[in-house]
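>
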Amino acid sequence: MLRTIGRRLLLLIPTLFGLSILLFAWVRALPGGPAVALLGERATPEAVERINELYGFNEPLYVQYFTWLGRLLTGDFGSSIQTGRPVLEEFVRRFPATLELSIAALIVAVGIGIPLGYWAARRHGKIWDHTAVVLSLIGITIPVFFLAFILKYVFAVQLGWLPSDGRQNPRIDATHYTNLYVFDGLITGEFDASWDAILHLILPAIALGTIPLAIIVRITRASVLEVQNADYVRTGRAKGIGTGTLRNRFILRNAMLPVITTVGLQAGLLISGAVLTETVFAFPGIGQFLARAIFTRDFPVLQGFIIFIAIAYALINLLVDLSYSVIDPRVRVQ
Numbered sequence: 177m178l179r180t181i182g183r184r185l186l187l188l189i190p191t192l193f194g195l196s197i198l199l200f201a202w203v204r205a206l207p208g209g210p211a212v213a214l215l216g217e218r219a220t221p222e223a224v225e226r227i228n229e230l231y232g233f234n235e236p237l238y239v240q241y242f243t244w245l246g247r248l249l250t251g252d253f254g255s256s257i258q259t260g261r262p263v264l265e266e267f268v269r270r271f272p273a274t275l276e277l278s279i280a281a282l283i284v285a286v287g288i289g290i291p292l293g294y295w296a297a298r299r300h301g302k303i304w305d306h307t308a309v310v311l312s313l314i315g316i317t318i319p320v321f322f323l324a325f326i327l328k329y330v331f332a333v334q335l336g337w338l339p340s341d342g343r344q345n346p347r348i349d350a351t352h353y354t355n356l357y358v359f360d361g362l363i364t365g366e367f368d369a370s371w372d373a374i375l376h377l378i379l380p381a382i383a384l385g386t387i388p389l390a391i392i393v394r395i396t397r398a399s400v401l402e403v404q405n406a407d408y409v410r411t412g413r414a415k416g417i418g419t420g421t422l423r424n425r426f427i428l429r430n431a432m433l434p435v436i437t438t439v440g441l442q443a444g445l446l447i448s449g450a451v452l453t454e455t456v457f458a459f460p461g462i463g464q465f466l467a468r469a470i471f472t473r474d475f476p477v478l479q480g481f482i483i484f485i486a487i488a489y490a491l492i493n494l495l496v497d498l499s500y501s502v503i504d505p506r507v508r509v510q
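Each number in our numbering comes from the position in the sequence shown (counting from 1) with 176 added on.
So this is what it looks like as structure tokens:
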């Protein structure tokens, strides 16, 4: 297992190396060069020359690339043009918010999606099966930002049941060790702070988790339908194996491999795709900061955050691969 983990981590090296080349090429391919894109309307010849001198854009491309790569390897991702603080510091400050929101959205997607998909498969061809399929189609097609606005308007503005934005009521004097507000409240005994953080998570988690939920419903339904018609399941029924054992050990467990793969992919997408949800709910995570970085052309932030997100995505997929042998003993990670 340790060799497998080490081998998969080593595969991150060529992946991140290729990503760094693409990011470097993307910035250098901007119309007028990175200096003009950075300055925008203020791109006078004198200002462009100063930026080129400051960032080394007048050096040969291979020199620029290896200089930039060398800084990355030492942990220097540059400084944000918006705030003037190091990119690594900005990421560490904001990533816990996005991680907490992604976990909450994944709990919504998995907690509802797998039971609903299994329930639909067990009632294949009936009205409840068709209803689950239609609802999953609606969940996939509805835009995230539209659903976010609807949820915010109905449950926060009109009914006033839930907070409309932010991570926590600013009037709460909470202690934050990890910046995971729910977890921090639990370990410090400030349960009112944890509860308030959970209330702030409900609406954005539902909005962000709707599309993964719909996909998980469809994958679970299809996988269970395939497994429950397999020969070994029919053999188990013929031998008189109990219904509960047949469902849990023969059907559900064997149907979980494609579902777990889907969950892992969706978890990575949640972390990298929370821009719209965080913007609508003013949730101070990496998505909201990335949205501002795009409009302000804060390229150090864009480059650094994309690399960090790629690392998180790769680690999530490593966990998914390692979980295969736990779910199905026939599968051994090589």
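For every residue, glycine included, the Cβ atom is placed at its ideal position computed from N, Cα and C.
Closest to G365 by C-alpha separation, out of I378, T351, N355, would be which residue?
In the sequence shown, residue 365 corresponds to position 189, counting from 1. For G365, the nearest C-alpha among the options comes from T351.
> How many angstroms separate the CA atom of T317 from the CA atom of T191?
The residue labelled residue 317 in the question sits at position 141 within the sequence shown. The residue labelled residue 191 in the question sits at position 15 within the sequence shown. So the two alpha carbons sit approximately 32 Å from each other.
> My output table needs one value for P380: the three-state DSSP class, helix, strand or coil.
On the sequence shown, position 204 is the one that residue 380 refers to. Helix.
> Note down, one range per segment and in chain order, each alpha helix (DSSP H) of at least 4 residues found wholly within the stretch 437-471.
If we require 4 residues or more, the alpha helix (DSSP H) runs fully inside the stretch 437-471 come out as 451-456.
> Would you list the residues sitting across from S370 in a DSSP beta bridge?
Taking the first residue of the sequence shown as 1, we reach residue 370 at position 194. Looking at the DSSP assignment, S370 forms no beta bridge with any residue, so it has no partner.
> Should the stretch 488-499 be called in touch with the stretch 441-460, which here means at least 3 C-beta pairs below 8 Å?
Touching, yes, given that three or more Cβ pairs across the two stretches are closer than 8 Å.
> Which residues bound the alpha helix (DSSP H) around S278?
As a working note, residue 278 is residue 102 in the sequence shown. From DSSP, the alpha helix (DSSP H) with S278 extends over 263-298.
> Classify S255 as helix, strand or coil using the three-state DSSP reduction.
In the sequence shown, counting from the first residue as 1, residue 255 sits at position 79. Note: S255 maps to strand in three-state DSSP.
> Hey, A296 and R397 are a contact pair by Cβ (cut 8 Å); roughly how many whole angstroms apart?
The residue given as residue 296 occupies position 120 in the sequence shown. The residue given as residue 397 occupies position 221 in the sequence shown. About 5 Å; that satisfies the 8 Å criterion.
> So, do the stretch 304-323 and the stretch 332-345 have three or more beta carbon pairs nearer to each other than 8 Å?
Touching, no.
> If you draw a straight line from the alpha carbon of I197 to that of N355, how long is it in whole angstroms?
Mapped onto the sequence shown, residue 197 falls at position 21. Mapped onto the sequence shown, residue 355 falls at position 179. Answer to the nearest angstrom: the Cα atoms are 32 Å apart.
> Nearest-angstrom Cα distance between R183 and A467?
Residue numbering aside, residue 183 sits at position 7 when the sequence shown is read from its first letter. Residue numbering aside, residue 467 sits at position 291 when the sequence shown is read from its first letter. Each residue's Cα considered, the two are about 35 Å apart.
> Could you please give the first and the last residue of the uninterrupted alpha helix (DSSP H) stretch that includes Y231?
Reading the sequence shown from its first residue, position 55 is the one you call residue 231. Looking at the DSSP string, the run of the alpha helix (DSSP H) that includes Y231 is 221-231.
> Excluding the 5 residues flanking D474 on each side, which residues of the same chain have their C-beta closer than 8 Å to its C-beta?
Position 298 of the sequence shown, counted from the first residue, corresponds to residue 474. Hits under 8 Å: S256, I257, Q258, R468.
> Look at the alpha carbon of R423 and the alpha carbon of I181, and state the distance between them as a whole number of angstroms.
As a working mapping, residue 423 is identified with position 247 in the sequence shown. As a working mapping, residue 181 is identified with position 5 in the sequence shown. Rounded to whole angstroms, R423 to I181 spans 32 Å at the Cα level.
> Along the chain, where does the alpha helix (DSSP H) that runs through D349 open and close?
On the sequence shown, position 173 is the one that residue 349 refers to. Run containing D349: none; DSSP gives neither H nor E here.
> For T472, which residues from the same chain have a beta carbon less than 6 Å from its beta carbon, with the 5 sequence-adjacent residues on both sides left out?
As a position in the sequence shown, residue 472 is number 296, starting the count at 1. The residues are Q258.
> Give the straight-line distance between the Cα atoms of F200 and F267, rounded to the nearest whole angstrom.
As a first step, residue 200 is located in the sequence shown; it is residue number 24 there, counting from the start. As a first step, residue 267 is located in the sequence shown; it is residue number 91 there, counting from the start. When rounded, the distance between both Cα atoms is 20 Å.
> Let me know the secondary structure DSSP gives L356 once reduced to three states.
Within the sequence shown, numbered from 1, the residue matching residue 356 stands at position 180. Coil at L356, not helix or strand.
> I'd like to confirm something about A450: is its beta-carbon nearer than 7 Å to some heavy atom of the ligand FAD, or not?
In terms of ligand content, the structure shown is empty, and the ligand FAD therefore cannot be addressed.
> With distance defined between alpha-carbon atoms, name the residue in V330, A369, P339, I363 nearest to I348.
The residue given as residue 348 occupies position 172 in the sequence shown. The candidate whose alpha carbon is nearest that of I348 is A369.
> Rounded to the nearest angstrom, what separates V519 and I363 at their Cα positions?
There is simply no residue 519 to check, as the chain begins at 177 and stops at 510 in what is shown.
> Select from L478, N345, F367, A308 the residue whose C-alpha is nearest the C-alpha of L292.
Against the sequence shown, residue 292 aligns to sequence position 116. With distances taken between Cα atoms, L292 lies closest to A308.
> Could you check which residue in A406, R179, I227, R247 has the C-alpha nearest to that of Q479?
Mapped onto the sequence shown, residue 479 falls at position 303. Q479 has its Cα closest to that of R247, out of A406, R179, I227, R247.
> Along the chain, where does the alpha helix (DSSP H) containing R343 start, and where does it finish?
Here the question's residue 343 lines up with position 167 in the sequence shown. Unbroken run through R343: none, as it is neither H nor E.
> Does DSSP put D305 in a helix, in a strand, or in coil?
Locating residue 305 in the sequence shown gives position 129, where the first residue counts as 1. Reduced to three states, the DSSP call for D305 is helix.
> Give the C-beta separation of I462 and T274 to the nearest angstrom, bearing in mind that I take them to be a contact with Cβ-Cβ under 8 Å.
Walking along the sequence shown from the start, residue 462 turns up at place 286. Walking along the sequence shown from the start, residue 274 turns up at place 98. So it is a contact: roughly 5 Å between Cβ atoms.
> With a threshold of 6 Å on Cβ separation, who are the neighbours of Y353 within its own chain once the five nearest residues in sequence on each side are excluded?
Taking the first residue of the sequence shown as 1, we reach residue 353 at position 177. Result list for Y353: D360, in chain order.
> Count the other CB atoms, across all protein chains shown, that sit within 10 Å of the CB of P476; report buried if there are 16 or more and exposed otherwise.
The residue you call residue 476 lines up with position 300 of the sequence shown. By the 10 Å Cβ count, P476 comes out buried.
> Would you decide whether L286 is buried or exposed? Buried here means 16 or more other CB atoms lie within 10 Å of its CB.
As a first step, residue 286 must be located in the sequence shown, where it is residue number 110. Before going on, a small fix: residue 286 reads as Val here, not Leu. The residue is buried, with at least 16 neighbouring Cβ atoms inside 10 Å.
> Quick check on DSSP: helix, strand or coil for T250?
Counted from its first residue, the sequence shown places residue 250 at position 74. In the structure shown, T250 sits in coil (DSSP, three-state: anything other than H, G, I, E or B).
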